[in-house]
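Visitor:
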Amino acid sequence: MAESIQAPVRHRRRFRPKHPIAHLVLCVGAVFMVGPFLWQLSTSLQSFGESVSVPPTFLPHSPQWSNVTTVFGALPFGRELLNTTVMTIARTVGQVLFSALAGFAFARMQFRGRGVLFAVFLSVTMVPYQVFLLPQYQIMQKLGLLNTLVALFLPGMFSAFGTFLMRQFFRQLPIEIEEAARIDGANVLQIFWRIMLPMAAPGMIALGVLVIIWSWNDLLWPLVVNSDPRQMPVSAGLASLQGQYTTNFPVLMAGSLLASLPVIIVFVVFQRHLMSGIAFSGVKG
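According to UniProt numbering, the sequence shown is numbered sequentially starting from 1.
1) At a Cβ threshold of 7 Å, is V120 touching chain B?
2) In chain order, what residues of the same chain have a beta carbon less than 6 Å from the beta carbon of A90, not counting five sequence neighbours either side?
3) When DSSP labels each residue in this structure, what does Q46 get in the three-state scheme?
4) Sorted by chain position, which residues of the same chain lie with C-beta nearer than 6 Å to G208's C-beta, five sequence neighbours on each side aside?
5) If you draw a straight line from the alpha carbon of H61 to that of D218, how long is it in whole angstroms?
6) Are A254 and N67 close, meaning C-beta to C-beta below 7 Å?
7) Measure the alpha-carbon distance for M109 versus A151 and round it to whole angstroms.
8) Return the chain-ordered ranges of every beta strand (DSSP E) run that is complete within the stretch 242-278 and spans a minimum of 3 residues.
9) Can you give the beta carbon distance from L122 to F164, rounded, assuming they're within the 8 Å contact cut?
10) State buried or exposed for N187, treating a residue as buried only when at least 16 other CB atoms are found within 10 Å of its CB.
11) If you follow the alpha helix (DSSP H) that R112 is in, where does it begin and where does it stop?
12) Would you tell me roughly how many angstroms separate the C-alpha atoms of S53 and A107, rounded to the nearest one?
13) The alpha helix (DSSP H) spanning R230 covers which residue range?
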């Protein structure tokens with residue numbers, strides 16, 4: 001008589017956190033991080049009466065999808081999105097390129113005064129951003145670039161922090177590859193462009209994501225250098241929706257939600273590169 005073969009019983013694994021207190025703290029932190037976004041989404045679908053009601057309501061009784069169309073009627077939203085996109089792309093490409101060039105020079109090239117010059121670069125990061133507004137405005141004024149898209153992105157193409165980040169990243173790359181390229185007859189430009197720059201792609205992506213988020217949310221500089229509504233980015237346009245005595249919060253939240261979607265998508269897609277690039281560049285100074 002043949003022996004009956006019984007299939008092995010599969011037991012479901014239960015999730016048992018090794019550190020329940022740490023998981024609890026992380027869950028509470030996640031609520032604080034996601035909560036404002038959910039409140040923004042809820043408010044964007046409410047009527048004006050619901051948005052100012054006491055006590056406040058979280059779920060709208062009747063979703064007001066017309067708030068989205070109201071944004072496009074109250075603002076040249078499409079034009080502002082285009083201006084913001086041009087400004088962000090120009091800042092990102094310029095800052096990543098110039099930071100990579102300067103970072104490679106500080107990390108790999110030997111020249112007199114390198115340490116002093118790099119210390120000057122680092123000292124700029126300790127100065128508040130508002131201190132540079134007046135000098136930059138005067139430069140744009142003398143160049144005749146006020147109320148233009150060029151004035152929006154030109155100062156943002158250079159960054160001391162970006163130089164520092166790329167310098168730290170280049171310092172972590174193996175020196176043996178560069179020495180082998182020099183033995184083969186490659187010059188400095190060839191080493192940078194063909195060897196070091198592709199290897200520094202994670203750091204460049206990390207810097208690019210940071211620049212995109214900063215540029216997309218920039219409000220102060222466009223308000224200083226621009227008074228033409230046709231050249232305003234979306235951040236300045238949304239600020240104009242705030243009235244002196246009252247504000248239509250559902251329309252404002254609907255516009256803010258639409259404006260924040262590109263940044264959220266960029267962060268979700270490149271978050272792994274962002275974390276790995278920053279972590280790799282900060283292993284040792």
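Note that beta-carbon positions come from the ideal geometry of N, C-alpha and C, so glycine has one too.
All values reported here derive from a predicted model rather than from experimental measurement.
Guide: A quick look at the data gives this:
1) Absence of chain B from the displayed structure is noted, only one protein chain being present.
2) Position 90 of the sequence shown, counted from the start, is the residue given in the question as residue 90. Cβ neighbours of A90 beyond the five flanking positions: F153.
3) Along the sequence shown, one-based indexing puts residue 46 at 46. Three-state DSSP puts Q46 in coil, outside helix and strand.
4) Residue numbering aside, residue 208 sits at position 208 when the sequence shown is read from its first letter. T92 and V96.
5) For the purposes of this step, residue 61 is taken as the residue at position 61 of the sequence shown. For the purposes of this step, residue 218 is taken as the residue at position 218 of the sequence shown. Their backbone Cα atoms lie some 34 Å apart in a straight line.
6) Position 254 of the sequence shown, counted from the first residue, corresponds to residue 254. Position 67 of the sequence shown, counted from the first residue, corresponds to residue 67. Yes, the pair counts as a contact, with Cβ atoms nearer than the cut-off.
7) Residue 109 sits at position 109 when you count from the first residue of the sequence shown. Residue 151 sits at position 151 when you count from the first residue of the sequence shown. Using only the alpha carbons, I get a separation of about 32 Å.
8) none
9) Position 122 of the sequence shown, counting from 1, holds the residue named residue 122. Position 164 of the sequence shown, counting from 1, holds the residue named residue 164. With 8 Å as the limit, L122 and F164 qualify as a contact, their Cβ atoms being about 6 Å apart.
10) Along the sequence shown, read from residue 1 onward, the residue named residue 187 stands at position 187. N187 is exposed by the Cβ-count criterion.
11) For the purposes of this step, residue 112 is identified with residue 112 of the sequence shown, where counting begins at 1. Here R112 belongs to no alpha helix (DSSP H), and DSSP marks it neither H nor E.
12) By one-based count along the sequence shown, residue 53 stands at place 53. By one-based count along the sequence shown, residue 107 stands at place 107. Roughly 58 Å separates the two Cα atoms.
13) As a working note, residue 230 is residue 230 in the sequence shown. Looking at the DSSP string, R230 is not in any alpha helix (DSSP H), and its letter there is neither H nor E.
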